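Here the structure is laid out as structure tokens; the discussion comes afterwards.
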Amino acid sequence: MTLMNTGKPKRPIIHPLMVRITHWINALAILCMVTSGWAIYNASPIFDFRFAKYLTLGGWLGGALAWHFAALWVLVINGLIYVLYGMLSGHFRHDFLPLSIRAIWRDFVAALTFKLKHRLGVYNAVQKLLYIVVILFGVGVVISGLAIWKPVQFQFVTGLLGGYDFARIVHFAMMAGIVGFVAVHLVLVALVPSTLPPMITGRAPAHDPHSQDPEGAPI
Ligand code: HEM
């Protein structure tokens, strides 16, 4: 096949392939974990409410547990790959840092007053904070999950989390934090829809003023 030079400049990659693959696998795993988790919760609620059945996955307790433990491996292995890649490639250092309370406050106020400028491939301080917090919630949900899945084998962890009953509440709180993040995340994507195609293709859109800016490419 002969490749013709169309004269169009190549748009830079603003989301590395590894970040995109792990992001979308993670989104699917989280969906399965949360909805099957809600079905498991419904079988023995810790609070005064149950989740609507149509929001749950698995049909019955046995089915929900099967989904939960299958998706767990996808979440953990995929999460480890993402975190290792983020640390070893410099992605976390380059794209999530530096971060200061002053910058978070500045960008938070700018966002509330609709003055926050979005540069594709560059995360603002509030975004950086949210991404770091949701990664910590992910670690917390897995650790508290281990504590209630194998409370005998991981009794040290269960003890650290205040015992089986309190570890269940911690697990629920981590899930609620992740669901809260996803809700805010999806609203932000809906408000700035131009962020979505680059998270699929990796490339900045042709019209993006920063597409020719090598500083905008995080790899
Ligand atoms: C259908 C659901 C989702 C959509 C449409 C979506 C969309 C996106 C988009 C467009 C970005 C890039 C934002 C930008 O360039 O400004 C992004 C980044 C990110 N999303 Fe999502 N997302 C989804 C689900 C999730 C879930 C479930 C999580 C975690 C619980 C998550 C965590 C993240 C993180 C941590 C990043 C930063 C990735 C990095 O640069 O390392 N997303 N998402």
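Following my numbering, the numbering of the sequence shown begins with 916 at its first residue and continues without gaps.
Yeah, the Cβ is synthetic: ideal placement off N, Cα and C, and Gly gets one too.
These numbers come from a predicted model, not from an experiment.
What is the rounded straight-line gap between the Cα of residue i and the Cα of residue j?
i     : j     : result
R935  : I1115 : 7 Å
W953  : K925  : 45 Å
F984  : A1121 : 42 Å
T1140 : L1027 : This structure gives no information on residue 1140, because the portion of the chain shown stretches from 916 to 1134.
R1034 : F1087 : 35 Å
A1025 : I1019 : 10 Å
A1082 : F962  : 14 Å
G1036 : I1063 : 39 Å
C947  : A986  : 6 Å
I1058 : R965  : 24 Å
L1111 : P1013 : 24 Å
L1045 : F1096 : 7 Å
L1051 : I1093 : 10 Å
Q1127 : I992  : At Q1127 the pLDDT is 41, less than 50, meaning the model places this residue with poor confidence; the figure from the coordinates comes in the next sentence. Their Cα atoms are separated by approximately 35 Å.
I1084 : V1102 : 27 Å
M916  : L1106 : A caution first: M916 carries a pLDDT of 36, below 50, which makes its placement in the model unreliable, though a value can still be read off. About 41 Å.
H930  : I1047 : 17 Å
A967  : A1098 : 18 Å
W939  : Q1042 : 18 Å
G973  : S959  : 15 Å
P1113 : A1119 : 6 Å
F1023 : Q1068 : 43 Å
Q1070 : V1054 : 18 Å
N941  : F1029 : 30 Å
S1004 : A1040 : 21 Å
Below 8 Å on the Cβ atoms is my contact criterion, and I expect residue i with residue j to pass it. Report the Cβ-Cβ distance as a whole number of Å.
i     : j     : result
A979  : I955  : 5 Å
G1078 : I928  : About 48 Å; that fails the 8 Å criterion.
A944  : L990  : 4 Å
M1089 : V1056 : 4 Å
L1061 : V1049 : Incorrect: roughly 19 Å between the Cβ atoms, too far for contact.
W988  : S951  : Not really, about 13 Å apart at Cβ, beyond 8 Å.
M933  : Y1000 : 5 Å
Going by DSSP, what residue range makes up the alpha helix (DSSP H) through residue i?
i     : result
L943  : 932-958
Y1079 : 1079-1106
S1059 : 1040-1064
T1116 : 1111-1116
V991  : 976-1003
F1071 : 1070-1075
R1034 : Careful: R1034 lies outside any alpha helix (DSSP H) and carries neither H nor E.
I1019 : 1016-1027
D963  : Premise fails: D963 is in no alpha helix (DSSP H) and is neither H nor E.
R1008 : 1006-1011
Kindly indicate if chain C contains any beta-carbon less than 8 Å away from that of residue i.
i     : result
H1009 : This model lacks chain C altogether, as it is built from one protein chain only.
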